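Protein chains in written order, with this note's numbering: chain R, 1 to 225; chain V, 226 to 450. Below is one structure, written out as structure tokens; comments come after it.
2 protein chains.
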Amino acid sequence: MTRILVVDDDPALVRTLGINLRARDYEVESAFDGRSALQSVADAPADLMVLDLGLPDIDGVEVIRRVRTMSQLPIIVLSARHESDDKVEALDEGADDYVTKPFGVDELLARIRTSLRRSAVEEPPAPSIATADFSLDFAERVATRAGHPLHLTPTEWRLLEALAHHRGHLVRQEDLLFAVWGNGYERQSHYLRVYTGNLRRKLEPTPGRPRYLQTEPGIGYRLEV
Amino acid sequence: MTRILVVDDDPALVRTLGINLRARDYEVESAFDGRSALQSVADAPADLMVLDLGLPDIDGVEVIRRVRTMSQLPIIVLSARHESDDKVEALDEGADDYVTKPFGVDELLARIRTSLRRSAVEEPPAPSIATADFSLDFAERVATRAGHPLHLTPTEWRLLEALAHHRGHLVRQEDLLFAVWGNGYERQSHYLRVYTGNLRRKLEPTPGRPRYLQTEPGIGYRLEV
DNA sequence: AAGACGCGTGAAGTCCGCGTCAAGAACGTC
DNA sequence: GACGTTCTTGACGCGGACTTCACGCGTCTT
């Protein structure tokens, strides 16, 4: 199991990021300041580190410097600042990649995959789903309905993926929005209404009476299989 | 970030090389003699090594020999014009490529890319493919279309190989780019558009409506046989 | 009972990614 | 040094995907 250490002083971001990473079958560890991040690396280094540069106690670049004295694990830096000074400095100190906030999970996941591949850690597999009415293969991106191939758009796949990883469990709107559209969209629940509608129209035998994709009003959605 | 170790006793050369490599987003480490080069490899081996054979302290070939006891990282040898004996010897000891001084930076960069690519994807050639419309023999690098020989460029072969290696499965854009163009090109999906277009024009019976090389928008491509 | 709220649906306008063409640069060959 | 091939990069059109809005309906609140 691939372990990822997320370091950020924003608890909300750490939480949503953690949920999304766990949904991809990564094992997630979190730290909210530089000190505990360093402690974590010293104790049991993860396979990859996602590090916010703006930490309360220690400067982010300094964290990188100290981590590098202990481990060569890939570091992906997050920063709200657009100044390239930080970027250059962080990369010089040994960061592997850089993502500016706000960012989409997809972008971060892609960079995580790339960094892990460079450090020769294999990525976790994606699950598949098969019901009486449809089947979904996330690795191959193939969906069938009554034996016939079914076309799903990229956004529909992303939403389904976020739901499928927590199959049987309630997924909050904010988490779905973050998983599919990235942060900064926490309030725009129109998206979810439109795309859950699309999915039900394509997957459910009776879209008006959903059997698999269920609504939890005010909270979120649940994929029941 | 890919790290390259440059070893040469000429500070001016090390400096200009460093500038050019950093401009290409490589991380550069330098050493001016064999001893510190070996030290560097022992401490934290880079992803690739550029090594001048004429070092002040240890013979270049000897450096290669000792490096090979520690690491399999690609080694590109720099040598002055006349010493062809050294070149052969260096290759025998496990160097991957050589460049004779004086050389162009572009030439060295090209060889660096090639070596990194080789070391990253050390895969056996994909097995042959034969369909109703064309046949591909990767070991022999021979393609035919309707019985007639068909010419494919090196890049087209590499792309086809990357696809054929996972035939029937979805291959992500990032993976294709990495396999064909090497590090640092993960985001330039323009290449893929051009070269998938080339391949379809040469292989598909109706390039406008691909039967074998299929697009998964936003994700990647799939070779269906 | 009336209003507020959230969800589902359809439809319009915009945007984005893909495929295509073409020109210039780089490379290898003679 | 000239030529042909290959690679790289830019521009552009097109179709599908996304975003956004308006509206109807059901449920919950007061």
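Positions of the beta carbon are idealized from the N, C-alpha and C atoms, including for glycine. Here the structure is a predicted model, which means the values were calculated and not measured.
message: What does DSSP give as the partner residue(s) for V:Met-226 in the beta ladder?
response: Within the second sequence, the letter at position 1 stands for residue 226 of chain V. Paired residues: none, contrary to the question.
task: Pull up the CB-CB distance for V:Asp-272 and V:Ile-300, whole angstroms please, since I reckon it's below 8 Å.
output: As a position in the second sequence, residue 272 of chain V is number 47, starting the count at 1. As a position in the second sequence, residue 300 of chain V is number 75, starting the count at 1. With a Cβ gap of about 11 Å, V:Asp-272 and V:Ile-300 do not count as contacting.
- request: Measuring only between beta-carbons, confirm whether R:Asp-214 sits less than 8 Å from chain V.
  value: Within the first sequence, residue 214 of chain R is the residue found at index 214, counting from 1. The sequence given here places Gln at residue 214 of chain R; Asp does not occur at that position. False, the Cβ-Cβ gap to chain V never drops below 8 Å.
Endpoints, beta strand (DSSP E) assigned at V:Ile-283: As a first step, residue 283 of chain V must be located in the second sequence, where it is residue number 58. Here V:Ile-283 belongs to no beta strand (DSSP E), and DSSP marks it neither H nor E.
- prompt: Can you give, in chain order, each stretch of the alpha helix (DSSP H) that sits fully within the segment 155-190 of chain R and has at least 4 residues?
  reply: Positions of the alpha helix (DSSP H) runs, each at least 4 residues long and wholly inside the segment 155-190 of chain R, are given as 173-181 in order along the chain.
task: Give the C-beta separation of R:Asp-9 and R:Asp-43 to the nearest angstrom, bearing in mind that I take them to be a contact with Cβ-Cβ under 8 Å.
output: The residue you call residue 9 of chain R lines up with position 9 of the first sequence. The residue you call residue 43 of chain R lines up with position 43 of the first sequence. Wrong, their Cβ atoms sit about 20 Å apart, outside the cutoff.
message: Please give the ranges of any beta strand (DSSP E) in the segment 101-151 of chain R, keeping only runs that are unbroken, at least 3 residues long and fully inside the region.
response: Every beta strand (DSSP E) of 3 residues or more that sits fully in the segment 101-151 of chain R is shown, in chain order, as 128-130, 134-137, 142-145 and 148-150.
- request: Provide the residue span of the beta strand (DSSP E) that contains R:Ala-80, from first to last.
  value: Translated into the one-based positions of the first sequence, residue 80 of chain R becomes position 80. Here R:Ala-80 belongs to no beta strand (DSSP E), and DSSP marks it neither H nor E.
- request: State whether the segment 177-194 of chain R contacts the segment 204-214 of chain R, with contact taken as three or more CB pairs (one from each stretch) at a distance under 8 Å.
  value: no
query: If R:Leu-51 and R:Val-41 are in contact, beta carbons under 8 Å, what's the gap, nearest whole angstrom?
result: Position 51 of the first sequence holds residue 51 of chain R. Position 41 of the first sequence holds residue 41 of chain R. Rounded, the Cβ-Cβ distance is 10 Å, inconsistent with contact.
task: Using the Cα positions of V:Thr-421 and V:Leu-428, report the straight-line distance between them to the nearest angstrom.
output: Sequence index remark: in the second sequence, residue 421 of chain V carries index 196 (1-based). Sequence index remark: in the second sequence, residue 428 of chain V carries index 203 (1-based). Those two C-alpha atoms are separated by around 10 Å.
message: At the 8 Å Cβ level, is V:Ile-229 part of the contact set with chain R, yes or no?
response: Reading the second sequence from its first residue, position 4 is the one you call residue 229 of chain V. No, V:Ile-229 lies away from the interface with chain R (no Cβ there is under 8 Å from its Cβ).
- prompt: Which residues in the same chain as V:Asp-282 place their Cβ atom closer than 6 Å to its Cβ, once the five residues preceding and following it in sequence are excluded?
  reply: As a position in the second sequence, residue 282 of chain V is number 57, starting the count at 1. The residues are Asp-258, Gly-259 and Arg-260.
- request: Note down, in chain order, each residue of its chain lying with its Cβ closer than 8 Å to the Cβ of V:Arg-336, except the 5 sequence neighbours on either side.
  value: As a working mapping, residue 336 of chain V is identified with position 111 in the second sequence. Here the set comprises Ile-301, Asp-322 and Val-324.
- request: Indicate whether at least one CB of chain V lies closer than 8 Å to the CB of R:Gln-72.
  value: Numbered from 1 along the first sequence, position 72 holds the residue referred to as residue 72 of chain R. Yes, R:Gln-72 counts as interfacial toward chain V.
- request: Could you check the C-alpha separation between V:Phe-403 and V:Gly-443 for me, to the nearest Å?
  value: Counting from one through the second sequence, the residue named residue 403 of chain V turns up at place 178. Counting from one through the second sequence, the residue named residue 443 of chain V turns up at place 218. The alpha-carbon atoms of V:Phe-403 and V:Gly-443 are separated by roughly 16 Å.
task: Following the continuous beta strand (DSSP E) through V:Asp-277, name the residue where it begins and the one where it ends.
output: By 1-based counting over the second sequence, the position of residue 277 of chain V is 52. Start and end: 273-277.
task: With 8 Å as the threshold, decide whether the Cβ of V:Ala-256 is near any Cβ in chain R.
output: The residue given as residue 256 of chain V occupies position 31 in the second sequence. No, its Cβ sits nowhere closer than 8 Å to a Cβ of chain R.
- request: Tell me, to the nearest whole angstrom, how far the beta carbon of R:Glu-107 is from that of R:Phe-138; I am working on the premise that it is less than 8 Å.
  value: As a working note, residue 107 of chain R is residue 107 in the first sequence. As a working note, residue 138 of chain R is residue 138 in the first sequence. 19 Å between Cβ atoms; not a contact.
- prompt: Anyone know if the C-beta pair for V:Ile-354 and V:Val-450 falls short of 8 Å?
  reply: Against the second sequence, residue 354 of chain V aligns to sequence position 129. Against the second sequence, residue 450 of chain V aligns to sequence position 225. Yes, the pair counts as a contact, with Cβ atoms nearer than the cut-off.
message: I want to verify the contact list: residues of chain R whose CB lies under 8 Å from the CB of V:Gly-443, in sequence order.
response: Locating residue 443 of chain V in the second sequence gives position 218, counting from the first residue. Per Cβ cutoff of 8 Å: Pro-154.
- prompt: Do you know whose CA, among R:Arg-22, R:Leu-55 and R:Glu-27, lies nearest R:Ala-37's CA?
  reply: As a position in the first sequence, residue 37 of chain R is number 37, starting the count at 1. Of R:Arg-22, R:Leu-55 and R:Glu-27, the residue nearest in Cα terms is R:Leu-55.
task: Give the residues of chain V in contact with R:Thr-16, contact being defined as C-beta atoms less than 7 Å apart.
output: Position 16 of the first sequence, counted from the first residue, corresponds to residue 16 of chain R. Simply none; closest approach about 22 Å.
Identity of the residues DSSP links to V:Val-419 by a beta bridge: Taking the first residue of the second sequence as position 1, residue 419 of chain V is located at position 194. Looking at the DSSP output, V:Val-419 shares a beta bridge with no other residue.
Runs of beta strand (DSSP E) wholly within the segment 22-48 of chain R (minimum 3 residues, chain order): 27-31
- prompt: Who are the near neighbours of R:Pro-11 in its chain, counting only those whose CB is closer than 8 Å to its CB and skipping five residues on each side?
  reply: Within the first sequence, the letter at position 11 stands for residue 11 of chain R. Sequence-distant partners of R:Pro-11 (beyond 5 residues in either direction) whose C-beta falls short of 8 Å from its own C-beta, in its chain, are Phe-32.
query: Using the C-alpha atoms, what's the distance from R:Ala-143 back to V:Leu-448?
result: In the second sequence, residue 448 of chain V corresponds to position 223, counting from 1. In the first sequence, residue 143 of chain R corresponds to position 143, counting from 1. So the alpha carbons of these two residues sit roughly 17 Å apart.
- request: Could you tell me which chain R residues have their CB closer than 8 Å to the CB of V:His-390, listed as they occur along the chain?
  value: Here residue 390 of chain V corresponds to residue number 165 of the second sequence, with the count starting at 1. Under the 8 Å cutoff, chain R gives no residues; its nearest Cβ is about 15 Å from V:His-390.
- prompt: Ordered along the chain, which non-local residues of its own chain (more than five positions away) have a Cβ less than 6 Å from that of V:Phe-359?
  reply: Along the second sequence, read from residue 1 onward, the residue named residue 359 of chain V stands at position 134. Taken in chain order, the residues that qualify are Arg-370 and Leu-428.
task: Would you list, in chain order, the members of the segment 259-270 of chain V that have their beta-carbon closer than 9 Å to a beta-carbon of chain R?
output: Along the segment 259-270 of chain V, the positions whose C-beta sits under 9 Å from a C-beta of chain R are Ala-269, read in chain order.
task: Confirm, please, whether the CB-CB distance from R:Leu-213 to R:Arg-200 is below 8 Å.
output: Taking the first sequence and counting its residues from 1, the one referred to as residue 200 of chain R is at position 200. Taking the first sequence and counting its residues from 1, the one referred to as residue 213 of chain R is at position 213. Cβ atoms of R:Arg-200 and R:Leu-213: closer than 8 Å.
task: Just mark R:Ser-30 as buried or exposed, buried being the case when its beta carbon has 16 or more other beta carbons within 10 Å.
output: As a working mapping, residue 30 of chain R is identified with position 30 in the first sequence. It counts as buried.
task: Hey, could you find the ends of the beta strand (DSSP E) R:Tyr-221 is sitting in?
output: Working through the first sequence from its first residue, we reach residue 221 of chain R at position 221. 220-223 is the extent of the beta strand (DSSP E) around R:Tyr-221.
- prompt: Alpha carbon to alpha carbon, how far is R:Glu-102 from R:Ala-80?
  reply: If you number the first sequence from 1, residue 102 of chain R lands on position 102. If you number the first sequence from 1, residue 80 of chain R lands on position 80. Checking the sequence shown, residue 102 of chain R turns out to be Pro, not Glu. Approximately 7 Å, taken between the alpha carbons.
query: If you follow the beta strand (DSSP E) that V:Glu-318 is part of, which residue opens it and which one closes it?
result: In the second sequence, the residue the question calls residue 318 of chain V occupies position 93. For V:Glu-318, no beta strand (DSSP E) run applies, since DSSP gives it neither H nor E.
task: Closer than 7 Å by C-beta to V:Glu-441: which residues in its own chain qualify, once you throw out the five before and the five after it? Chain order, please.
output: Here the question's residue 441 of chain V lines up with position 216 in the second sequence. Within the same chain, V:Glu-441 has close Cβ partners Leu-395 and Arg-447.
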